[in-house]
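Trainee: This is the structure I want to talk about, given as structure tokens.
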Ligand SMILES: Nc1ncnc2c1ncn2[C@@H]1O[C@H](COP(=O)(O)OP(=O)(O)OP(=O)(O)O)[C@@H](O)[C@H]1O
Ligand SMILES: Nc1ncnc2c1ncn2[C@@H]1O[C@H](COP(=O)(O)OP(=O)(O)OP(=O)(O)O)[C@@H](O)[C@H]1O
Ligand SMILES: [Mg+2]
Ligand SMILES: [Mg+2]
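Protein chains in written order, with our numbering: chain A, 6 to 560; chain B, 175 to 445; chain C, 45 to 358; chain D, 153 to 648.
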């Protein structure tokens with residue numbers, strides 16, 4: 006690539022600090038991006054990646070101040086640019102795609118208007134010319150009915166589609182630089198792959214440089230030519246992707262790479278007579294409320310699903326977004342009312358009137374998909390974790406306090422955390438609290454719904470480690486819901502693949518990963534590459550299926 | 175902790191002053207607020223009477239001080255009443271949904287459609303025309319709007335995962351409502367309660383205008399303001415001073431309410 | 045859409061029934077009766093009983109209710125005790141007058157207050173913000189009976205721009221009719237500005253924190269375009285809901301303004317008939333107000349998707 | 153007749169245009185511009201002939217013969233004859249008409265008209281069951297609509313009320329409900345004899361082509377309207393009198409009327425049944441001070457149930473209560489008063505001084521050690537409490553009665569039958585009954601003096617003063633004179 010040409014963007018010794026405390030959140034950061042180049046930024050949560058990227062656009066939040074340093078884009082210092090010049094640069098020369106496709110498009114504005122806005126502002130084109138450009142772009146990003154899309158609202162599209170439209174709106178202006186901050190975090194593997202491919206295609210076509218921020222090392226490794234590693238405001242290492250991945254220098258980089266999930270050995274599970282949970286022909290319908298004049302057609306989220314979970318076993322459920330994973334978990338936890346089928350717990354049906362119900366209620370616990378929203382923001386950690394013990398019959402107060410302390414220690418949050426509130430914790434810490442709360446009653450069965458999706462790699466590794474540890478120690482069974490295949494590969498004994506409310510394939514972990522039979526499973530596995538250790542601290546990219554490897558060869 | 179915004183400081187200052195004045199006014203005023211003085215009727219502000227005197231020769235300043243406590247007390251109790259009942263209704267109705275919700279909301283909407291004056295008349299007739307009658311009347315008149323707003327908040331709260339988590343733990347519905355739903359309604363309630371404070375001050379005044387207020391001669395800002403109206407041409411100060419008191423209190427309370435809301439918002443606190 | 049509207053109105057029937065029953069009972073709980081008020085201090089027991097008999101007030105409450113409700117089902121709201129006019133035409137005629145004032149005042153208030161609220165939010169914590177919020181609070185805290193009188197004295201007496209008393213309906217004489225409506229509209233308008241500005245400011249503050257606002261800025265849009273094209277419409281949703289409540293409340297509750305400006309509107313009709321214990325009119329008015337309340341909020345809900353397309357009417 | 157319009161003010165719309173049927177004070181005010189009865193009140197409160205030329209009473213005091221004035225025409229041009237009188241009378245006596253004074257003339261309350269005939273076109277004869285001093289008063293009463301004689305086309309074919317076709321100085325023009333009532337000068341009006349206006353009698357010419365009553369409930373708006381020149385004549389509250397008087401374009405005229413303001417006392421109340429305590433209350437009140445403040449120095453104290461401009465108001469009636477705090481304290485002690493709370497009910501209607509009276513009286517009562525309290529009620533509620541006798545004290549006003557006998561009758565009677573009555577001393581009741589039959593003026597004066605003395609001794613009610621009519625009018629209007637709290641627009645002219 007064009008290494009010796011003058012850089013498009015150069016960030017020079019940039020230091021940003023928080024006004025009130027003076028804490029330096031971006032510290033002496035320097036890097037540069039050449040035209041057409043694709044650069045990735047990785048690093049722990051809160052290391053200043055987003056702030057650095059936003060500074061390039063001139064979007065420093067009011068609470069943050071620049072201490073020193075310069076950002077030069079096409080030779081001009083962004084920091085001292087006149088507001089008008091800055092506005093002319095934004096959109097036209099530098100585009101930006103955010104993490105959240107759901108909230109980055111204006112919900113009350115037509116897609117057509119939102120796409121047209123930037124063009125009308127920055128290009129001297131007639132309305133008809135602009136429309137032609139937009140329609141062409143919509144076709145390129147794979148929208149089936151471009152004309153119709155113009156007069157649709159964002160909420161009428163799926164998350165993946167919305168992210169494509171975001172990309173389209175930015176790429177329409179053919180910017181010289183695209184800033185992409187975690188552009189695919191909220192998407193499932195298949196969709197993630199499609200969006201990224203699209204991004205690469207579009208930027209290649211226009212020779213647009215890309216600065217991409219992500220937690221997904223595999224993705225960065227797959228698409229970026231250079232990688233910048235940040236930790237606590239500092240750039241600790243940067244270099245060509247192959248070199249950096251193969252021979253990481255800085256301890257933090259090594260730690261990052263070492264945190265890649267790895268497939269563990271097959272576990273031997275004791276055979277039991279009755280499965281702890283057994284689900285037969287479960288159907289769940291949403292909606293279908295009856296009005297005075299209408300009978301709303303219910304939407305079927307599960308079509309006769311049957312699974313068994315043996316004591317001590319970890320069963321992973323994978324599948325695309327909306328395939329019914331959370332619904333299945335919710336039904337087992339008693340949160341969603343099934344419209345057909347049967348759920349047995351320890352061989353007995355769940356029914357509020359039964360005496361067995363209490364045994365089920367105490368022994369079946371759940372870790373929710375979003376740890377932040379599943380913790381009452383107005384309760385302290387101590388209260389949160391202690392709450393399930395309230396209902397344990399005959400447990401003394403002192404014993405409860407001891408148990409809470411014990412569990413907090415187990416999840417590594419012993420001292421000083423009991424009196425804090427959820428918003429005072431990091432994402433990883435919150436996730437651990439959610440897990441602590443689920444296991445404090447020593448249940449025999451835990452449903453874990455995407456327990457690690459919101460976490461950065463190192464924290465994710467910690468949480469998974471903890472989870473495995475607890476599982477070993479207390480021997481509970483687990484239904485582990487995730488769309489992150491790497492994670493599943495690490496924790497699962499058995500894997501269930503769901504697609505559109507049905508189980509399409511089921512088998513032991515190794516069988517599924519090594520020898521998938523169903524088309525959808527294959528598609529899932531080939532969507533994103535994995536990273537595997539090279540033994541000497543480095544990692545290399547690998548494709549789980551050969552058709553994926555073909556993709557890789559194309560670059 | 176975050177530095178206090180100037181708005182919050184101003185709000186705090188205004189409300190602090192109100193509290194101090196009300197406390198002093200409860201035990202001491204320059205003149206007896208009820209003492210008629212036929213020689214000094216409608217006297218303009220002067221050294222002897224800083225804020226002038228009213229149509230019975232009573233010292234306006236003293237009446238404002240004495241009225242501060244009454245007005246504050248009426249508003250406080252009214253708001254408390256409306257908030258307690260409205261919240262209880264809103265929480266249960268929004269959480270339980272179904273038929274219960276429909277029936278409760280039918281009653282609630284019916285009450286919403288009732289003009290306050292009719293309610294006030296009815297309740298004052300039943301409870302007697304005194305401070306507590308007013309409090310009950312206004313309290314009941316404001317309850318349905320609180321219930322509506324709280325119910326709205328609860329409807330979205332109950333979809334949050336920590337409510338599902340509470341169920342999975344095996345908590346009873348009642349416990350879930352009390353421990354998880356209720357405390358999370360506090361932020362919208364704070365804002366609501368602070369704006370209601372102002373409405374009540376004014377509503378009391380409007381009731382006085384229609385001849386239904388707190389039985390004068392005991393002064394409240396509302397009845398002073400209402401009573402001043404016929405004298406607008408001859409003695410403007412009769413209206414201006416209580417009006418100013420109400421305005422400043424409202425301003426203070428609203429600013430403070432905004433600040434409290436921001437304080438209670440974890441997104442704002444975390445920064 | 046139509047079906048939804050019908051359903052909503054049907055669902056409001058229980059509410060209306062509750063209003064009907066409770067207003068019937070409540071006004072009879074309040075001491076005082078129309079016969080007494082008609083006779084004043086001359087009410088000897090014989091003529092009082094006589095008059096009550098003629099007004100049908102001597103029958104038992106359930107019987108009275110039955111008669112009234114039966115007539116109601118036939119669309120007959122009865123006859124006013126004091127003016128002996130049929131209640132429904134009376135209400136409709138008065139309502140039209142109040143509705144003109146309320147609708148125009150609220151419309152104007154929205155046009156002024158909402159942009160002002162958006163700007164205050166945009167410059168949060170600046171002196172402009174404090175000034176606008178202060179002004180809103182001030183307007184909010186002047187009772188309408190005072191504000192109205194001030195306007196009357198200023199525009200009517202001092203400047204002599206506007207007529208002080210009287211009312212001419214617009215259908216009779218458009219220019220004069222409008223002149224008579226200016227001050228009542230202005231009074232309500234100034235008052236409602238306060239309410240709406242605070243609401244618009246609060247919801248704009250929420251919206252300005254969202255990603256798509258930053259994204260709009262990232263497109264290079266000017267602050268004006270960001271504010272009006274992107275923030276405004278989204279922030280307007282909650283204000284729109286509030287407008288529904290305000291309209292509903294005002295239609296039955298502008299008695300004070302109507303009293304000050306001698307406008308023969310619905311609010312004054314209601315208050316006068318409460319003071320006169322004119323039971324059929326009170327009952328009719330309240331049912332009507334409750335019904336308007338339902339309809340206004342239905343219209344508000346049906347229009348809501350304009351501001352937030354994610355919310356479908358259903 | 154000039155081409156000017158005269159704009160007057162009513163604080164509420166009239167209830168109907170049907171004389172003496174569905175009415176209140178405002179209704180009477182308007183309707184009596186349109187219709188007239190056989191007799192009416194003069195300025196001093198005596199009854200004189202109106203549509204009648206003269207009234208003759210038979211020896212036995214039971215037969216009244218009315219001779220009609222000649223040449224009087226209804227608004228529709230028809231000549232007034234005794235047939236119209238008989239028709240009107242028959243209509244009033246029909247219970248279906250709902251005439252408000254039916255009960256006073258059909259024997260229910262003693263007086264009964266046993267026959268009414270029209271022997272010839274100019275004569276109308278009525279015969280009573282027994283002699284009665286107040287018969288003509290009853291016919292003239294404004295609340296009876298002056299027993300107005302109306303043309304039979306005033307009612308529709310089915311007998312229901314249409315519009316008043318009377319003989320008064322004005323015809324009813326357009327009535328916009330809740331807004332205004334237009335009156336048009338009746339060109340063919342034939343005024344009763346007399347050079348000047350005299351109550352409902354005397355010269356009654358319409359001097360303006362059009363008069364208009366505007367309905368304006370808010371006194372502050374009325375004031376603004378007068379100052380702006382949009383209104384010509386209006387009754388105004390005491391507090392505005394001085395300010396309006398000072399206005400260059402306005403004039404203010406005052407006059408007393410028979411309305412009596414004061415505080416009624418429940419003599420059956422466990423505390424207040426003690427006459428000493430009631431006397432103590434009366435002695436605690438400084439009437440000149442109270443009245444001066446309540447009326448803004450426009451009124452004078454009068455403790456008598458007889459109003460000050462009545463011909464029966466003599467030396468005896470001037471002897472009222474004496475302000476004597478020391479005596480009040482002594483009486484309290486003698487009454488064994490131990491600080492029981494005494495609540496004064498009051499209302500804030502702008503037309504009555506109820507609230508201000510209560511505030512000042514409370515202060516004065518407290519000054520001698522009476523634990524007085526005020527409860528403010530809405531008028532209808534207070535009236536209900538009055539009718540049920542459910543109160544300790546009420547700051548209350550009695551509507552005007554011209555004849556003192558009726559004035560006494562208003563407040564007196566057995567509470568068992570009529571809880572609203574305040575004075576039930578049997579001897580007093582007997583005296584009142586007597587005053588209704590006796591016709592001789594000096595004899596009546598004696599009875600009234602006696603009643604007044606008893607009243608002041610027993611203190612069943614504390615009257616403070618008679619109402620002051622305050623009428624503000626534009627200086628371009630001439631001939632305004634307040635009378636009986638009724639605006640009269642006849643003989644009122646407007647300068648160009
Ligand atoms: N508006 C702000 N006001 C104050 N501090 C902020 C603000 N935005 C970010 N910070 C702080 O700056 C630091 C860097 O934040 P930044 O968002 O750049 O992290 P990041 O590397 O993008 O993390 P993540 O991977 O979690 O998105 C953090 O400590 C954060 O708390
Ligand atoms: N409360 C609900 N009401 C109506 N439909 C729902 C509801 N919850 C889920 N669905 C629908 O049911 C289907 C399954 O949803 P579910 O949440 O179980 O998917 P998921 O596999 O967990 O997806 P994700 O990976 O995005 O979390 C989806 O089509 C979804 O739109
Ligand atoms: Mg970030
Ligand atoms: Mg899910």
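For every residue, glycine included, the Cβ atom is placed at its ideal position computed from N, Cα and C.
For chain B, find out if any of its Cβ atoms is closer than 8 Å to the Cβ of residue 256/C; answer yes or no.
Mentor: no
Trainee: Answer yes or no: the CB of residue 197/A versus the heavy atoms of ligand 4, is any distance below 7 Å?
Mentor: no
Trainee: Got a sec? Which residues, its chain only, sit under 7 Å from residue 260/C by beta carbon, not counting five neighbours each side?
Mentor: Cβ-Cβ distances below 7 Å link residue 260/C to 270, 274 in the same chain, with the five nearest sequence neighbours on each side left out; the list follows chain order.
Trainee: Is residue 247/D helix, strand or coil when you go by DSSP?
Mentor: helix
Trainee: So that I know if they touch, is there some Cβ in chain C lying closer than 8 Å to that of residue 111/A?
Mentor: yes
Trainee: Which whole-angstrom value is the C-beta distance of residue 46/A and residue 99/A, which I expect to be below 8 Å?
Mentor: Their Cβ separation, rounded to whole angstroms, is 16 Å, which puts residue 46/A and residue 99/A out of contact at 8 Å.
Trainee: Along the region 303-334 of chain B, what residues have a CB closer than 9 Å to any CB found in chain C?
Mentor: 319, 322
Trainee: Hey, quick one: how far does the alpha helix (DSSP H) through residue 166/A stretch, first residue to last?
Mentor: It spans 164-176 - the alpha helix (DSSP H) in which residue 166/A sits, taken as one unbroken run.
Trainee: Restricting to Cα atoms, I'd like to know which of 189/A, 316/A, 451/A is closest to residue 102/A.
Mentor: 189/A
Trainee: Following a CB-centred definition, is residue 454/A positioned closer than 7 Å to any heavy atom of ligand 4?
Mentor: yes
Trainee: Is it true that the CB of residue 367/D sits closer than 8 Å to the CB of residue 651/D?
Mentor: As shown, chain D starts at 153 and ends at 648. That puts residue 651/D outside it, with no answer to give.
Trainee: Counting only Cβ-Cβ distances shorter than 9 Å, please list the residues of the region 312-323 of chain C near chain D, keeping chain order.
Mentor: 312, 313, 316, 318, 319, 320, 321
Trainee: I'd like to know if residue 568/D contacts chain C, where contact means its C-beta is closer than 8 Å to some C-beta of that chain.
Mentor: no
Trainee: Quick one: using the 10 Å Cβ neighbour count with 16 as the cut-off for buried, is residue 526/A buried or exposed?
Mentor: Taking all protein chains shown into account, residue 526/A has 16 or more neighbouring C-beta atoms within 10 Å of its C-beta and is therefore buried.
Trainee: So residue 280/B and residue 297/B are supposed to be a Cβ contact under 8 Å. How far apart are they, rounded?
Mentor: The Cβ separation is near 21 Å, so there is no contact.
Trainee: What separation, rounded to the nearest whole angstrom, lies between the Cα atoms of residue 615/D and residue 550/D?
Mentor: 10 Å
Trainee: Quick one, which residues of the region 473-505 of chain D are near chain B if we go by CB-CB under 8 Å, in chain order?
Mentor: 499, 500, 501
Trainee: Does any CB atom of chain G fall closer than 8 Å to the CB of residue 357/B?
Mentor: No chain G appears in the structure shown, which is made up of the protein chains A, B, C and D.
Trainee: With hydrogens ignored, establish whether the beta-carbon of residue 374/A is closer than 7 Å to any heavy atom of ligand 4.
Mentor: Residue 374/A Cβ: within cutoff of ligand 4.
Trainee: Check the C-beta distance from residue 157/C over to residue 241/C and give it rounded, since I have them as a contact under 8 Å.
Mentor: 4 Å
Trainee: With a threshold of 16 other CB atoms inside 10 Å of the CB of residue 392/A, please say whether the residue is buried or exposed.
Mentor: buried
Trainee: Start and end of the alpha helix (DSSP H) containing residue 312/B?
Mentor: The continuous alpha helix (DSSP H) containing residue 312/B extends over residues 305-331.
Trainee: Starting from the beta carbon of residue 180/B, find every residue of chain C whose beta carbon is closer than 8 Å, and list them in chain order.
Mentor: 169, 174
Trainee: Quick one: what does DSSP say residue 69/A is sitting in, helix, strand or coil?
Mentor: strand
Trainee: Let me know the secondary structure DSSP gives residue 256/C once reduced to three states.
Mentor: helix
Trainee: Flag residue 158/A as yes if its beta-carbon sits less than 8 Å from any beta-carbon of chain C, otherwise no.
Mentor: yes
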